[in-house]
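Chains as they are written, first to last, in UniProt numbering: chain S, 1 to 335; chain E, 1 to 335. All C-beta atoms in this analysis are idealised placements derived from N, C-alpha and C, irrespective of residue type, glycine included.
Protein chains: 2
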Amino acid sequence: MAVTIKDIAAYAGVSYSTVSRALNGSGAVEEAKKEKILEIARSMGYVPNQAAIMLKKSKSRNIGLCFSTISKSTSPYILHDVLIGVYGVIGSDYHIIVKAMDMHEPGTLNQSNFAGLLIMSQTDRDEEFVEEARAKGIPMIAISRRIHSGVPAVVTDEKGGMEKVMDYLLEQGHRRIGVIEGNPNLEATMLRHEGFWQAASRWGLDAKSIPIEYGNYRYNSGRLAAGKLLDAHNDLTAILCFNDEMAMGAIIATTERGLKVPEDISITGFDNLDISGYADIRLTTVERNSIQIAAEGARMLLAYMQEGALPKDVWLENRLVKRNTVSNQQQRVNR
Amino acid sequence: MAVTIKDIAAYAGVSYSTVSRALNGSGAVEEAKKEKILEIARSMGYVPNQAAIMLKKSKSRNIGLCFSTISKSTSPYILHDVLIGVYGVIGSDYHIIVKAMDMHEPGTLNQSNFAGLLIMSQTDRDEEFVEEARAKGIPMIAISRRIHSGVPAVVTDEKGGMEKVMDYLLEQGHRRIGVIEGNPNLEATMLRHEGFWQAASRWGLDAKSIPIEYGNYRYNSGRLAAGKLLDAHNDLTAILCFNDEMAMGAIIATTERGLKVPEDISITGFDNLDISGYADIRLTTVERNSIQIAAEGARMLLAYMQEGALPKDVWLENRLVKRNTVSNQQQRVNR
DNA sequence: GTTAATATTGCAAAGGTTTGCAAGAAATAA
DNA sequence: TTATTTCTTGCAAACCTTTGCAATATTAAC
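In structure tokens:
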């Protein structure tokens, strides 16, 4: 049905090996003949059979972009940004296969299927998958968190970022600060926890004086958690949220109670989703550029696949983005 | 390197054809032997070489999920929902390759590479891609809009949906309604335009009395457009937006100007993103369930690929979701 | 026990490509 | 002209499966 190099060879009156060499410039082919073959291939609408190439070279042109899950518990923003970042680097050299690790059937991973994997892991349940990939020798890069000692990673300074934003709140005079953390078992949560706690203890805050609620990093959970905090502690002047989505929820919970942001309650986030900077309530947050992280990971993977040398971890700073959801306590009386 | 059926055959003392038959239950194999072969395969960690299977069967296990673009102009919400919908149906039977049609290199499409395509087209620039796929005989389903007479589609009642929400505004007594449309060249925009216009003329509204601004379906454009509308027409009581994202922007633009939603200005959306129902400002909108659309499309594609019969178009209703961003004009004086 | 029918198995080809090897052609050197 | 080197080219094997066909083993029927 489809045009093969044999068809081209027959038409051009050469052997198919010559066609193959002409097509991908591997061996030497007489210039004129090469031109002619390329022209014929084009006019016949030849498309290389990827399956055959993969079989022969035992190399695929697929890159797996692996998320812990595709369900509602992954943030649409992050997913989108990661795709943008990866695409920007990979272009059309490879196909990008979006995989949900929680749906993986153990034992079905194959080197001939994936030239490399980009792992966007959120949970330790992904370990089995990662282990399988490692056993099969598939090049892997972890983006967003370290997952395994042998897997190069792009990591951002979660701890330092959170420290910066907590410091900022404290510098602005806030002392009664509520915290909305994310899923406690995630590494990102633990690092961010360490970060805010480090700042807090440096400023001499007492653990008991910091009320903490837990969300799941999604909008609605932030709204509920903020509600609980505000209802239980009417002396709070600020709420530090472990990500932007929950911070958005917290803003709503605050205004729902007739309180103003930032006049009555200051709120901070983490991620700097683009939507966080749009509204009139422009979130003070920590920039964690998912596009950049993903792009960096893709670059590393490409290098890894092509040169074979294990890339070194990449460490990205997180920048504090000061906007208008944090008030200065020195300049006003307590509520 | 990797384990092949020959290795299994050698170990089990049978021919590799027998192993093949045992493995995928095609021919008859003595029960005891079959068990043994499966056991050996498992213990040796056998993974079928997809490339070889694809080559032999000239059938791939990849489904292309094709967006017009992956850049910032695709909505993260929709992208996410579509992925969820497709995954729910496809599971792990196929790999899902996310493709950006604007990055496609013409002539590189191949039946052996894609078992089928799900087309989420937003612009006519995708036509070249679709035409190539059609010429190559790759099964395709269009989701979200009709793209080609020969391509079965899952379409929702854009026009009817917009008619419903415009009707609702008019029933509530609004007569000075501003409109924020999306990119004028998109089919969805035209259909939605027809819908609101049909309702408007049925109620005897004059074209000149309806100010229209154009956004690009993203948040920020809605904010800007609403700003223009409000600044230029201080008698507006409602703004009808062509999607939820722009409606969110419009809400912000409204509150930025010290106006309240819905007391001063009513606002409606289209899409019913899950985030639209979370805040205290819960958007009145039209439900357009992307998860459902994508799932339906995936089901059709599967049927198409397996049975070969061209599926019929699927038509989904769009439901008006009344929430709290529309006020009743009869109950209050004009602003 | 013989024949016929059926169940099980192996052989070999095929699918489209790449590539080592050897042969042939052309160019250079003597 | 002949010997040597360098380009070009074709042959054939290999990558791993699936599957039609023929061969063999097993069972059933008489």
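With a CB to CB cut of under 7 Å and the five nearest residues on each side skipped, what residues in its chain are close to S:P311? For the purposes of this step, residue 311 of chain S is identified with residue 311 of the first sequence, where counting begins at 1. Cβ within range, chain order: P152, M300, A303 and Y304.
So, do the segment 179-186 of chain E and the segment 224-242 of chain E have three or more beta carbon pairs nearer to each other than 8 Å? yes
Assigned exposure category for S:G25 - 16 Cβ within 10 Å defines buried: Locating residue 25 of chain S in the first sequence gives position 25, counting from the first residue. Result: exposed.
Taking 6 Å as the limit between beta carbons, can you name the residues of its chain near S:N113, skipping five residues before and five after? Numbered from 1 along the first sequence, position 113 holds the residue referred to as residue 113 of chain S. Result list for S:N113: S60, in chain order.
Alpha carbon to alpha carbon, what distance is there between E:K72 and S:A298? Translated into the one-based positions of the first sequence, residue 298 of chain S becomes position 298. Translated into the one-based positions of the second sequence, residue 72 of chain E becomes position 72. Between S:A298 and E:K72, the C-alpha separation is close to 18 Å.
Which chain E residues sit within Cβ distance under 7 Å of S:T108? In the first sequence, residue 108 of chain S corresponds to position 108, counting from 1. Correct list: V47.
DSSP three-state assignment for S:I40, whether helix, strand or coil: Looking up residue 40 of chain S in the first sequence gives position 40. If DSSP states are grouped into helix, strand and coil, S:I40 belongs with the helices.
What are the boundary residues of the beta strand (DSSP E) that E:F129 is part of? On the second sequence, residue 129 of chain E is found 129 positions in, with the first residue counted as 1. Here E:F129 belongs to no beta strand (DSSP E); instead the alpha helix (DSSP H) covers E127 to A135.
For the beta strand (DSSP E) that E:K99 lies in, which residues bound it at each end? Reading the second sequence from its first residue, position 99 is the one you call residue 99 of chain E. It spans H95 to A100 - the beta strand (DSSP E) in which E:K99 sits, taken as one unbroken run.
Nearest to E:I70 (by Cα), restricted to the options S:L79, S:I63 and S:A41: The count along the second sequence starts at 1 and reaches residue 70 of chain E at position 70. Taking only the C-alpha atoms, the option nearest E:I70 is S:L79.
Cβ of S:N289 within 7 Å of any chain E Cβ: Looking up residue 289 of chain S in the first sequence gives position 289. By this cut-off, S:N289 is not an interface position.
Given a threshold of 16 other Cβ atoms within 10 Å of its Cβ, counted over all protein chains shown, does S:T108 qualify as buried or as exposed? Reading the first sequence from its first residue, position 108 is the one you call residue 108 of chain S. When all chains shown are included, S:T108 counts as exposed.
Does S:V98 get closer than 7 Å to chain E when you measure Cβ to Cβ? Along the first sequence, one-based indexing puts residue 98 of chain S at 98. Yes, S:V98 counts as interfacial toward chain E.
Listed by chain order, chain S residues near E:Y11 by CB distance under 9 Å: Along the second sequence, read from residue 1 onward, the residue named residue 11 of chain E stands at position 11. In chain order: nothing, as chain S lies at least about 18 Å away.
Would a C-beta distance cut-off of 7 Å place S:F196 and S:M166 closer than the cut-off? For the purposes of this step, residue 196 of chain S is taken as the residue at position 196 of the first sequence. For the purposes of this step, residue 166 of chain S is taken as the residue at position 166 of the first sequence. Going by C-beta atoms, S:F196 is nearer than 7 Å to S:M166.
Select from E:I293, E:K322 and E:R192 the residue whose C-alpha is nearest the C-alpha of residue 369 of chain E. Coverage of chain E is limited to positions 1 through 335, which leaves residue 369 of chain E absent and any answer about it impossible.
Let me know if S:K159 comes out buried or exposed under the rule of 16 or more other beta-carbons within 10 Å of its beta-carbon. Taking the first sequence and counting its residues from 1, the one referred to as residue 159 of chain S is at position 159. The residue in question, S:K159, is buried, as its Cβ has 16 or more Cβ neighbours within 10 Å.
Taking the CB atoms as reference points, tell me whether E:I96 and E:I63 lie closer together than 7 Å. Looking up residue 96 of chain E in the second sequence gives position 96. Looking up residue 63 of chain E in the second sequence gives position 63. Yes; because the gap between Cβ atoms is below 7 Å, this pair is in contact.
S:A253 by DSSP, collapsed to three states: which one? For the purposes of this step, residue 253 of chain S is identified with residue 253 of the first sequence, where counting begins at 1. Looking at S:A253 - three-state DSSP - the assignment turns out to be helix.
Have a look at S:A155 and S:R319 and give me their C-alpha separation to the nearest angstrom. As a working note, residue 155 of chain S is residue 155 in the first sequence. As a working note, residue 319 of chain S is residue 319 in the first sequence. The identity of residue 155 of chain S in the sequence shown is Val, whereas the question assumes Ala. The straight-line gap from Cα to Cα measures roughly 14 Å.
Can you tell which of S:R323, S:N185, S:D7 and S:E296 has the C-alpha that lies nearest to the C-alpha of S:S43? Taking the first residue of the first sequence as position 1, residue 43 of chain S is located at position 43. Taking only the C-alpha atoms, the option nearest S:S43 is S:D7.
The alpha helix (DSSP H) enclosing E:N24, as first and last residue numbers: Position 24 of the second sequence, counted from the start, is the residue given in the question as residue 24 of chain E. Y16 to N24 is the span of the alpha helix (DSSP H), which, as asked, contains E:N24.
Can you give the Cα-Cα distance for E:A100 and E:C66, rounded to whole angstroms? Translated into positions along the second sequence, residue 100 of chain E becomes position 100. Translated into positions along the second sequence, residue 66 of chain E becomes position 66. About 6 Å.
Just the C-alpha distance for E:G150 and E:G116, rounded to the nearest angstrom, thanks. Translated into positions along the second sequence, residue 150 of chain E becomes position 150. Translated into positions along the second sequence, residue 116 of chain E becomes position 116. Each residue's Cα considered, the two are about 15 Å apart.
For S:Q50, which residues in chain E fall below 7 Å Cβ to Cβ? The count along the first sequence starts at 1 and reaches residue 50 of chain S at position 50. Neighbours of S:Q50 on chain E, chain order: N110, S112 and N113.
Check whether the Cβ of E:S92 lies closer than 7 Å to any Cβ atom in chain S. Counting from one through the second sequence, the residue named residue 92 of chain E turns up at place 92. Yes, E:S92 counts as interfacial toward chain S.
Flag this pair as touching only if the segment 83-90 of chain S and the segment 284-292 of chain S have three or more C-beta atom pairs under 8 Å; answer yes or no. yes
E:A51 beta carbon less than 7 Å from that of S:A51: If you number the first sequence from 1, residue 51 of chain S lands on position 51. If you number the second sequence from 1, residue 51 of chain E lands on position 51. Cβ atoms of S:A51 and E:A51: closer than 7 Å.
Buried versus exposed call for E:A135 [16 or more other C-beta atoms within 10 Å across all chains shown]: For this step, residue 135 of chain E is matched to residue 135 along the second sequence. Exposed, since its Cβ has fewer than 16 Cβ neighbours within 10 Å.
If you compare alpha carbons, which of S:K260, S:T285 and S:G308 is closest to S:I141? Here the question's residue 141 of chain S lines up with position 141 in the first sequence. Checked all of S:K260, S:T285 and S:G308; the closest Cα to S:I141 is S:G308.
Cross-chain neighbours of S:S71 in chain E, by beta carbon under 7 Å: Walking along the first sequence from the start, residue 71 of chain S turns up at place 71. Ordered by position in chain E, the residues that pass the 7 Å Cβ test against S:S71 are I84.
Hey, is S:P76's beta-carbon within less than 7 Å of any beta-carbon in chain E? The residue you call residue 76 of chain S lines up with position 76 of the first sequence. Closer than 7 Å to some Cβ of chain E, the Cβ of S:P76 qualifies, so yes.
In terms of DSSP beta bridges, what is residue 358 of chain S paired with? Examination of residue 358 of chain S is not possible in this model, given that chain S is present from 1 through 335 alone.
With a 10 Å radius around its C-beta and 16 neighbouring C-beta atoms as the bar for buried, classify E:L41 as buried or exposed. Taking the first residue of the second sequence as 1, we reach residue 41 of chain E at position 41. Residue identity differs from the one stated: residue 41 of chain E is Ala in this sequence, not Leu. Its Cβ being crowded by 16 or more others within 10 Å, E:A41 is buried.
Through-space distance from S:S209 to S:N334, alpha-carbon basis: Mapped onto the first sequence, residue 334 of chain S falls at position 334. Mapped onto the first sequence, residue 209 of chain S falls at position 209. Unreliable positioning characterises S:N334 in this predicted model, as indicated by a pLDDT of 46, which lies under 50. The coordinate reading is nonetheless provided below. Taking the straight line from one Cα to the other gives about 17 Å.
Determine, using beta carbons only, whether S:R335 comes closer than 7 Å to chain E. Numbered from 1 along the first sequence, position 335 holds the residue referred to as residue 335 of chain S. Because the pLDDT at S:R335 is just 43, under 50, the model does not fix this residue reliably, and the value given afterwards should be weighed accordingly. No, no contact with chain E.
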